[in-house]
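What follows is a single structure, written as structure tokens, with notes after it.
Residue numbers (the working numbering), protein chains in the order written: chain X, 1 to 245; chain H, 1 to 245.
The structure is reproduced here in structure tokens:
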């Protein structure tokens, strides 16, 4: 018997730096980096990429490039000179990526994927696959941890809002419950913001960073709900498309 | 020139585990552990304690006890057998503590105080001294970081709400500004909760823990505003009363 003896637990972790306090190798971990890594990854699979290989360092990304791979690499929102493209979902057009393997390194997203790799399953979440993800979590009937990539280990608003949207849907199923304060906070912030999410995130630091770097053309796209049923999932060292109904 | 060139920065750090990302040795750090450590510490100074010595381990607390000090020590809300009292503010009655030195070890509060010790000043915050603290921060006109003690490095609701209450007041002064997502979130959660804070924190995990251990008699007291102008401040290795106007 534990705190969660009445159901499967739903938890939200606001930063990779807090993950050790949540770690549960029996849980599904949903990695979230709305602006823009996980939105881009979902787009890539929606457009037919075969495998996406997350790497932690730019050096690794460069080595893969030398071996002939397509490489997406950025830091702080800026594409690196050796890379084929950066972190914008618009880069992952079907004609550029279909049936290809891509190596991928980003500021915050890659790290979050790798720290969760010992869990039952690491999946990639965003508004683009919100309903598919909800259905998958409910069908698995397992504990779930939503891991927000944040910004350099800090809490961020845009990942938290999505976490709130997702866990609110999951918690409507009576097999799931929560006693996690950050889950409650994420739901309350989501309900404050949901009527005008793009207006609400005007105050988010990442929204201002993207604007400054003229990368804010993706805001509306990254907040579009249910464009796809694709759920990227980590297998060994790469992401692939989860086989779901 | 930096992100904060238009004013003194206001930031909220949701957990000691995130503090390295905020650390700024030129800032005032306000340590917050509403249920119950910082509420108890403020009460102790309000009732005339001379010095309060925070220690990290129970072993240290026990050594001080052997030397004849009054000792407050608990873990997970439970008083340790060798200690004179635990973490309830009600223990710190004037007749028990006036002009005495007390050694103090708690689950989360002590650790947060010690990790911030290199900053310009570490002060202790709670609803009990909210207005005094606001006035002090504004009069110092420095960057400020509100460090929530959280629960075992996790985000908690009750510390976040107080952080929101405090930074909202400070930001009414035009010398201060924020671009920190957790500050915006704390303010929004505070404004959701402020009309019925005790009702809102019903969902907080710590509120349930205190109830389970029959320690929830302090809830209303710990959310009482402006009982005192006392601001406990860290000097070398102990807390004392800050000299303010």
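Every residue gets a Cβ at the ideal spot worked out from N, C-alpha and C, and that includes glycine.
Task: Three-way DSSP call (helix, strand, coil) for residue 237 of chain H in this model - done: The three-state reading of DSSP puts residue 237 of chain H in coil, since its state is none of H, G, I, E or B.
Task: is_contact[residue 249 of chain H, chain X] using C-beta, thresh 8 Å - done: Residue 249 of chain H lies beyond the range of chain H shown here (1 to 245); nothing can be said about it.
Task: Of the residues H:188, H:86, H:82, H:63, the one placed nearest residue 44 of chain H, counting alpha carbons only - done: Among H:188, H:86, H:82, H:63, the Cα nearest to that of residue 44 of chain H belongs to H:86.
- [ ] Determine the DSSP secondary structure at residue 85 of chain H, reduced to helix, strand or coil.
- [x] Looking at residue 85 of chain H - three-state DSSP - the assignment turns out to be strand.
Open item on the list: Can you give me the C-alpha to C-alpha distance between residue 19 of chain H and residue 182 of chain X, rounded to a whole angstrom?
Closed with: Residue 19 of chain H and residue 182 of chain X: Cα-Cα distance of roughly 17 Å.
- [ ] Indicate whether at least one CB of chain H lies closer than 8 Å to the CB of residue 9 of chain X.
- [x] By this cut-off, residue 9 of chain X is not an interface position.
TODO: With a 10 Å radius around its C-beta and 16 neighbouring C-beta atoms as the bar for buried, classify residue 188 of chain H as buried or exposed.
DONE: Residue 188 of chain H should be labelled buried.
Task: For residue 111 of chain H and residue 16 of chain H, believed in contact at Cβ under 8 Å, the rounded distance - done: Between residue 16 of chain H and residue 111 of chain H, the beta carbon gap of about 6 Å places them in contact (Cβ cut-off 8 Å).
TODO: Using a threshold of 8 Å, state whether the C-beta atoms of residue 65 of chain H and residue 92 of chain H are closer than that.
DONE: Residue 92 of chain H sits away from residue 65 of chain H, with the two beta carbons spaced by 8 Å or more.
Task: Contact with chain X by residue 2 of chain H, beta-carbon distance below 8 Å - done: Note that residue 2 of chain H scores 47 on pLDDT, short of 50, meaning its location in the model is unreliable; the coordinates nonetheless yield the value given after this. It does not; no Cβ of chain X falls within 8 Å.
Open item on the list: Quick check on the DSSP output: the beta strand (DSSP E) that includes residue 7 of chain H runs from which residue to which?
Closed with: Careful: residue 7 of chain H lies outside any beta strand (DSSP E) and carries neither H nor E.
Task: Cβ pair count under 8 Å reaching 3, the region 69-76 of chain X against the region 135-143 of chain X - done: No, because fewer than three Cβ pairs between the region 69-76 of chain X and the region 135-143 of chain X fall closer than 8 Å, the two stretches do not touch.
Task: Collapsed DSSP secondary structure at residue 121 of chain X in the structure displayed - done: In the structure shown, residue 121 of chain X falls within a strand segment according to DSSP collapsed to helix, strand and coil.
Open item on the list: In chain order, what are the residue ranges of uninterrupted alpha helix (DSSP H) at least 4 long that sit wholly in the region 25-79 of chain H?
Closed with: Taking only runs of at least 4 residues, the alpha helix (DSSP H) segments lying wholly in the region 25-79 of chain H are 37-46, 58-66.
Open item on the list: When you compare the region 116-132 of chain X with the region 55-65 of chain X, are there three or more beta-carbon pairs, one atom per stretch, that lie closer than 8 Å?
Closed with: At 8 Å Cβ cutoff, the stretches do not touch.
Open item on the list: The alpha helix (DSSP H) that contains residue 188 of chain H, what's its start and end?
Closed with: Run containing residue 188 of chain H: 181-193, per the alpha helix (DSSP H) assignment.
Open item on the list: Using a Cβ-Cβ distance cut-off of 8 Å, determine whether residue 182 of chain H contacts chain X.
Closed with: At a cut-off of 8 Å, the C-beta of residue 182 of chain H has a neighbouring C-beta in chain X.
- [ ] Please state if the CB of residue 228 of chain H and the CB of residue 130 of chain H are separated by a distance shorter than 8 Å.
- [x] No, the Cβ-Cβ distance between residue 130 of chain H and residue 228 of chain H is not below 8 Å.
Task: Near-chain H residues of the region 71-82 of chain X (beta-carbon distance less than 9 Å), N- to C-terminal order - done: The region 71-82 of chain X vs chain H, Cβ under 9 Å: nothing.
TODO: Please list the residues of the region 12-45 of chain X that have a C-beta atom closer than 7 Å to any C-beta atom in chain A, keeping them in chain order.
DONE: Among the chains of the structure shown, chain A does not appear; the protein chains present are X and H.
TODO: Mind checking which residues open and close the beta strand (DSSP E) that includes residue 104 of chain H?
DONE: Element bounds for residue 104 of chain H: 101-105.
Task: Beta-carbon contacts of residue 74 of chain X that lie in its chain and below 8 Å, excluding the five residues immediately before and after - done: Within the same chain, residue 74 of chain X has close Cβ partners 80, 83, 86, 87, 105, 106, 107.
Task: residue 227 of chain X (DSSP reduced to helix, strand or coil) - done: DSSP, read as helix, strand or coil, puts residue 227 of chain X in coil.
Open item on the list: Assess contact between the region 21-29 of chain H and the region 200-211 of chain H, defined as three or more Cβ pairs (one per stretch) separated by less than 8 Å. Is contact present?
Closed with: The region 21-29 of chain H vs the region 200-211 of chain H: no contact.
- [ ] For residue 12 of chain H, write down the residues that DSSP places opposite it in a beta bridge.
- [x] Answer is H:146, bridged to residue 12 of chain H.
- [ ] Return the CA-CA distance between residue 247 of chain H and residue 118 of chain H, expressed in angstroms with no decimal places.
- [x] Residue 247 of chain H is absent from the structure shown; chain H starts at 1 and stops at 245.
Task: Neighbour flag for residue 179 of chain H against chain X, beta carbons, 8 Å - done: It does; some Cβ of chain X falls within 8 Å.
Task: Contact set between residue 192 of chain H and chain X, taken where Cβ atoms lie within less than 8 Å - done: Chain-order list of chain X residues neighbouring residue 192 of chain H: 188, 192, by C-beta distance under 8 Å.
Task: Rounded straight-line distance, which links the Cα of residue 242 of chain X to that of residue 40 of chain H - done: Approximately 51 Å between the Cα atoms of the pair.
Open item on the list: List, in chain order, every chain X residue whose beta-carbon is nearer than 8 Å to that of residue 176 of chain H.
Closed with: Simply none; closest approach about 16 Å.
TODO: Measure the alpha-carbon distance for residue 185 of chain H versus residue 35 of chain H and round it to whole angstroms.
DONE: Computed Cα separation, rounded: 20 Å.
Task: Beta-bridge pairing of residue 114 of chain X - partner residues as DSSP gives them - done: Answer is none; residue 114 of chain X lacks a bridge partner.
Task: Status (buried if at least 16 other CB within 10 Å, exposed otherwise) for residue 166 of chain X - done: Residue 166 of chain X should be labelled buried.
TODO: Identify each residue in the region 140-168 of chain X for which the Cβ-Cβ distance to at least one residue of chain H is less than 9 Å, and report them in chain order.
DONE: In summary, the residues of the region 140-168 of chain X whose CB is separated from some CB of chain H by less than 9 Å are 150, 151, 152, 153, 154, 155, 156, 157, 158, 160, in the order they occur in the chain.
- [ ] Starting from the beta carbon of residue 205 of chain H, find every residue of chain X whose beta carbon is closer than 8 Å, and list them in chain order.
- [x] The contact set of residue 205 of chain H on chain X, defined by CB atoms closer than 8 Å, consists of 179, 180, 181 in chain order.
Open item on the list: Can you give me the C-alpha to C-alpha distance between residue 158 of chain H and residue 164 of chain H, rounded to a whole angstrom?
Closed with: A straight-line Cα-Cα distance of about 10 Å links residue 158 of chain H and residue 164 of chain H.
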